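Numbering-wise, the sequence shown is residues 714 to 1135 according to this note's numbering.
Note that the Cβ used here is the ideal one computed from N, Cα and C, for glycine as well.
Model, not experiment: these values are computed from the prediction.
As structure tokens, the structure follows; a few thoughts come after it.
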Amino acid sequence: AAAEATATEEPAEEAAAEASTAGGVVVVESGRRLTDVVNESDVPFAAISPDGSFIAWFAQTGRRADRTGQICLFTFANADKTCHDMPTGEFRDWPYQLQWSPDSTMIAFTENPVQLGNDSDVWVFTVADGSYQNLTDDGVTGSWRGQADALIDYLPAWNAADGSIVFWRVVPLGSLQFEIGLYKVTPGSEAELVRDLTADLGQQLPIFQQESFYMDGFSAVSPDGSSLAAIVTGFDQFGAQQPGLWQIDLADSAAAPAQLMTFADYQTAVPTWPGVPASPVGLSWTANGALVTVGFSNLGNSTPFMVFYYVDPAAGTFTPVVDFSGIEDASAYFATAPDSNLPWRAYSPWSGSLSPAGDQLLMVNDLGGTMGLFTANLPPTGELPAVGTAADASIASTVTRSSRAVTGKMLIYGLLLTVGTE
């Protein structure tokens, strides 16, 4: 069994941290496996509340027709764990993301319409009383295919500026044609159209794999509430997916959506020899209104590339945090990087997140029995990320999601960390 990841600084790694970070290097003050914290064998779709009071995750009880979904809560103040049953027969299968409200009082989520093909509605769970409310019920449960009344509402994102939930609505028209729009809703109100994107996006849609869901996911509202960033997928002439990063104005419906990164742009910091393109798999808004997005090239072998880009929407520029494009082959990938005692491979992590303050990029790697937390400046300086903490432990986690709280707690790579800055 893998060792518990209670991390301590390793002097041997300090030489790898020569790259300076203007905001300080983020270090791990404490760390435990999340499954140990909540005493569960699995904690699907786990997310920490913004105020650091709770951890939420999804569970199921019963079998077959009697299977019931639950949202479970762990409360830090008293180590209490409570699971709340969803309304019987009204929610199909499982969600793909739990989205905490900015004030930590509610959680928004939907069914999975992409991989599971389920009609999806925007639901909210209220922490205070454990209640559920379907905010966009169209009367359809189960598959959306062949359902004339199906309104596919998904990827809810909280708008901290007004407390609303901004979500995508897709209406199937047949023959692979759809109406596409952004809507918003608040508990107790009706959904209202923010803007119609059917013509603007030309039948491009947000498409995701729930096993590859990083940072804040595929759709998120800017801190000031003025725009939404999303990873939207089109197709080339051969039918291959071409996802890219878009910014959509929420205040001015006449403003054309702006493509911030194309699919080709995501390849610019990845070498060509692996033969697998980097697909965008997540994004987050920084505290100052810039974006960080991540592309992942993974053949399932020892040479994956996870590349983070810093995107300045105002300037229309993007910059890789680490540029791997000049690495000639696999041998060079495992050779020592310049001005470091670590190989290039160490700077391609298994997961990443913004810092709790939202101003730095944190990356976790787990290689050869050693785990490390790296800190990168934003915007990137061209220097390699600094190692803040290393531990002689390995958990071989497959957890991709991350979330963070203002208290310094964060969930990343299947770990609950408390971090600080040196």
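Per DSSP, the unbroken beta strand (DSSP E) holding T788 starts and ends at 781 to 788. The beta carbon of S754 sits closer than 7 Å to the beta carbons of T748 from its chain, once the five residues preceding and following it are set aside; these are given in chain order. In the structure shown, L1091 adopts coil according to DSSP, grouped into three states. Looking from the CA of F1009, the closest CA among F1037, T1030, A1000 belongs to F1037. Contact between the segment 849 to 858 and the segment 777 to 792 is absent, with fewer than three C-beta pairs closer than 8 Å. Measuring C-alpha to C-alpha distances from W770 to each of A760, R777, T899 identifies A760 as the nearest. Counting along the chain, V750 sits inside the alpha helix (DSSP H) bounded by residues 747 to 751. Under a 10 Å Cβ-count criterion, G930 is classified as buried, with 16 or more other Cβ atoms of the shown protein chains found around its own Cβ.
For Y845, the enclosing beta strand (DSSP E) starts and ends at 844 to 847.
The segment 953 to 965 and the segment 976 to 995 touch, with no fewer than 3 CB-CB distances between them shorter than 8 Å. Note that the segment 974 to 989 does not touch the segment 911 to 931; fewer than 3 beta-carbon pairs, one per stretch, sit closer than 8 Å.
By the Cβ-count criterion, E824 is buried, with 16 or more other Cβ atoms from all chains shown falling within 10 Å of its own Cβ. The Cβ neighbour count for F822, taken over all protein chains shown within 10 Å, is at least 16; the residue is labelled buried. Short of 6 Å from the beta carbon of T839, and not among the five residues preceding or following it, lie these beta carbons of its own chain, in chain order: M819.
Excluding the 5 residues flanking it on each side, L886 has same chain C-beta neighbours closer than 7 Å at E892, in chain order. For the pair M1123 and S1066, the CB atoms are nearer than the 8 Å cut-off. Comparing C-alpha distances from P984 to each of A964, A1043, S939 shows the shortest one belongs to A1043. Each residue's CA atom was taken as its position, placing G1071 and Y1023 some 13 Å apart.
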